[in-house]
């Protein structure tokens, strides 16, 4: 759905993007993360046609952003990290205005507006002035506004920042629903726990380059691999220690009573083989599991390193 | 044909704002006071001298239209200069640019909204201006020409306002910049001509002293044509023709010394209106470039190539 190749953008001497490559599959819920100043908003603005790149290509649904900006804009719904509302308009008028900006008017526009306000839980506030809405409601209105022309891609820049937990939960549910309807959703956020809950794919950007990209499952597996194995034995651990020391994938061992923490560099098959060896050696293993990693751990690891370009799947 | 969405939205928003009502009341109030004071002075003359001076009613026409023109020049930048910068301040400009509405449509919508507000103000002032018809001396044709002059001046000032609004990110800068641009256009062109005339007069004086002549042909030269950009001069030309103050040649050509009569001086009003209209179009084209991300990029790469 979205293909970015070699994207570069500078502001004076500052290089916001230095050859960004990124691919978002059709129907994905793509989490776009990175530290402050990594180039997320610049990338989003380029995709939305609000900035022109110095070099590189951006293709949305096969259309190039430079060649066919109108077509690309028609395929994208953009929710920035600010509200952007007209205080002296009512909710329905605000929606009608943006519908007209996409060439929709009359009954078609009104039907679409009502459906979207219902979907975002705003149907009872159509006659409210935008100025009087709460933060969460304004955010929902912005989401409804971005969907007015039924775009294929929805781009959300920090959508849940400043929301209370209830609103965040509701917002995530709406996003999931949209994804189920077949829309491709790109979410830029610092709330990695939120992203790990909803996203199917993830891209981590740092210093204007994509440092890690792929499906969420693959990425979390990768995180887990770097986490230690927690083994619990029923009885003294010495026999188990002997087996573990002789294993080539075991890097470190630490013991506390019957709990053994093992630094293990191996995939799930090698983990299974190690468990088999322990059982075959007659060791009563009553606990064997990888400690679960999370996106925060991975994010910290990646953004701390000097050189890191790891693409789990390309193309 | 679909109505411009920006224009529709602006009209709806301004109809809810008290600003337009306040401007309407103030505008008509000032005009009415000027007209009534003038009528009172004419009537007072009748009471004291028992003599009716019909030229006094023409003076009222000049006074009312001059006040109207001055208010137009004063109000229009305030309306137009906040239109794009206001969108930036509300953080809605990017949202508009992210839609399928083009930058050209955005500028056109803003221009139409500014002009329709001004048109409303002008139409609302008709009853006061129409007082002159009670006594005669001015025809509908004269009034129509004056309206054309107002329309072109409003377009030019709106162009300056939109240009500054697109150039500056904040309204607090765009508004004074618009007024500055307008002052430069009106006062600046006059000052340049005055300066050129005084230099020329000094040269002619020294030359005439040498040859003992008294007939000076000092003038501001080609700088006179800068006045084509000046809407106040166009207004003055129209008014002076309508009231008979102009003597034969184009009024402006007599201002800054001796100028040859030519096509431009003979057709000063239509030519100056055309020049001002084209200037407004140019300014609005520049405003489009300032907000269009694609054109910004082209401009930047052209600058790089030049370096």
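Chains as they are written, first to last, in the working numbering: chain A, 60 to 374; chain B, 2 to 308. Yeah, the Cβ is synthetic: ideal placement off N, Cα and C, and Gly gets one too.
Per-residue DSSP class, three states only, for residue i
| i | result |
| --- | --- |
| residue 345 of chain A | strand |
| residue 187 of chain A | coil |
| residue 326 of chain A | coil |
| residue 209 of chain A | coil |
| residue 307 of chain B | Bear in mind that the predicted position of residue 307 of chain B carries a pLDDT of just 49, short of 50, making it unreliable; the figure below should be weighed with that in mind. Reduced to three states, the DSSP call for residue 307 of chain B is helix. |
| residue 77 of chain A | strand |
| residue 253 of chain A | helix |
| residue 136 of chain B | coil |
| residue 261 of chain B | coil |
| residue 262 of chain A | strand |
| residue 91 of chain B | coil |
| residue 339 of chain A | helix |
| residue 54 of chain B | coil |
| residue 255 of chain B | helix |
| residue 249 of chain B | Note that residue 249 of chain B scores a pLDDT of 44, beneath 50, so its modelled location is shaky; the value from the coordinates is reported in the next line. DSSP places residue 249 of chain B in coil when its eight states are reduced to three. |
| residue 64 of chain A | strand |
Where the alpha helix (DSSP H) through residue i begins and ends
| i | result |
| --- | --- |
| residue 229 of chain A | 224 to 239 |
| residue 153 of chain B | 141 to 168 |
| residue 151 of chain A | 150 to 160 |
| residue 195 of chain B | 190 to 212 |
| residue 49 of chain B | 19 to 50 |
| residue 101 of chain A | 99 to 106 |
| residue 220 of chain A | Neither: residue 220 of chain A is in no alpha helix (DSSP H) and is coded neither H nor E. |
| residue 243 of chain A | Segment 243 to 247 is the beta strand (DSSP E) holding residue 243 of chain A; no alpha helix (DSSP H) there. |
| residue 124 of chain B | 104 to 125 |
| residue 144 of chain A | Unbroken run through residue 144 of chain A: none, as it is neither H nor E. |
Minimum C-alpha distance to residue i - residue among the options
| i | options | result |
| --- | --- | --- |
| residue 261 of chain A | A:69, A:358, A:98 | A:358 |
| residue 220 of chain B | B:233, B:66, B:197 | B:197 |
| residue 342 of chain A | A:87, A:267, A:296 | A:296 |
| residue 93 of chain A | A:266, A:172, A:335, A:334 | A:266 |
| residue 37 of chain B | B:71, B:119, B:130 | B:130 |
| residue 218 of chain B | B:244, B:139, B:202, B:271 | B:202 |
| residue 225 of chain B | B:175, B:92, B:273 | B:273 |
| residue 313 of chain A | A:333, A:289, A:329 | A:289 |
| residue 296 of chain B | A:91, A:112, A:89, A:273 | A:112 |
| residue 238 of chain A | A:248, A:134, A:257, A:204 | A:257 |
| residue 169 of chain A | A:154, A:127, A:141 | A:154 |
| residue 184 of chain A | A:334, A:149, A:95, A:74 | A:149 |
| residue 274 of chain A | A:72, A:140, A:88 | A:88 |
| residue 73 of chain A | A:96, A:356, A:60 | A:96 |
| residue 340 of chain A | A:305, A:60, A:152, A:217 | A:305 |
Integer Cβ distance of residue i from residue j, believed to fall under 8 Å
| i | j | result |
| --- | --- | --- |
| residue 66 of chain A | residue 119 of chain A | Actually they are not in contact, since the Cβ atoms of residue 66 of chain A and residue 119 of chain A sit about 13 Å apart, beyond 8 Å. |
| residue 175 of chain A | residue 207 of chain A | 7 Å |
| residue 299 of chain A | residue 292 of chain A | 5 Å |
| residue 20 of chain B | residue 147 of chain A | Actually they do not touch by this definition, with Cβ atoms about 11 Å apart. |
| residue 79 of chain A | residue 102 of chain A | 6 Å |
| residue 153 of chain B | residue 255 of chain B | The pair is not a contact, with the Cβ atoms about 23 Å apart (cut-off 8 Å). |
| residue 215 of chain A | residue 189 of chain A | Actually they are not in contact, since the Cβ atoms of residue 215 of chain A and residue 189 of chain A sit about 19 Å apart, beyond 8 Å. |
| residue 132 of chain B | residue 61 of chain B | 7 Å |
| residue 126 of chain B | residue 39 of chain B | Residue 126 of chain B to residue 39 of chain B, Cβ: 15 Å. No contact. |
| residue 178 of chain A | residue 246 of chain A | Between residue 246 of chain A and residue 178 of chain A the Cβ distance is about 18 Å, and since that is not below 8 Å, they are no contact. |
| residue 82 of chain A | residue 68 of chain A | Actually they are not in contact, since the Cβ atoms of residue 82 of chain A and residue 68 of chain A sit about 18 Å apart, beyond 8 Å. |
Contact list for residue i against chain B, beta-carbon separation under 9 Å
| i | result |
| --- | --- |
| residue 148 of chain A | 10, 13, 14, 17 |
| residue 224 of chain A | Correct list: empty, because the minimum Cβ distance to chain B is about 26 Å. |
| residue 129 of chain A | 101, 103 |
Contacts of residue i in chain A (Cβ-Cβ under 7 Å)
| i | result |
| --- | --- |
| residue 346 of chain B | The structure shown has nothing for residue 346 of chain B, since chain B only spans 2 to 308. |
| residue 64 of chain B | None at all; the shortest Cβ gap to chain A is about 37 Å. |
| residue 295 of chain B | 111, 128 |
Span of the beta strand (DSSP E), counted from its first residue to its last, around residue i
| i | result |
| --- | --- |
| residue 118 of chain A | 114 to 119 |
| residue 126 of chain A | Segment: none, residue 126 of chain A is in no beta strand (DSSP E) and carries neither H nor E. |
| residue 72 of chain A | No beta strand (DSSP E) holds residue 72 of chain A; DSSP gives it neither H nor E. |
| residue 272 of chain A | 268 to 274 |
| residue 310 of chain A | 309 to 315 |
| residue 92 of chain A | 88 to 92 |
| residue 290 of chain A | 288 to 292 |
Listed by chain order, chain A residues near residue i by CB distance under 8 Å
| i | result |
| --- | --- |
| residue 99 of chain B | 107, 108, 109, 132, 135, 137 |
Interface residues of chain B facing residue i [CB-CB closer than 8 Å]
| i | result |
| --- | --- |
| residue 73 of chain A | Chain B residues near residue 73 of chain A: none, gap ~14 Å exceeds 8 Å. |
| residue 143 of chain A | 91, 92, 93, 95, 96 |
Partners in chain B for residue i, counting only beta-carbon separations shorter than 7 Å
| i | result |
| --- | --- |
| residue 152 of chain A | 13 |
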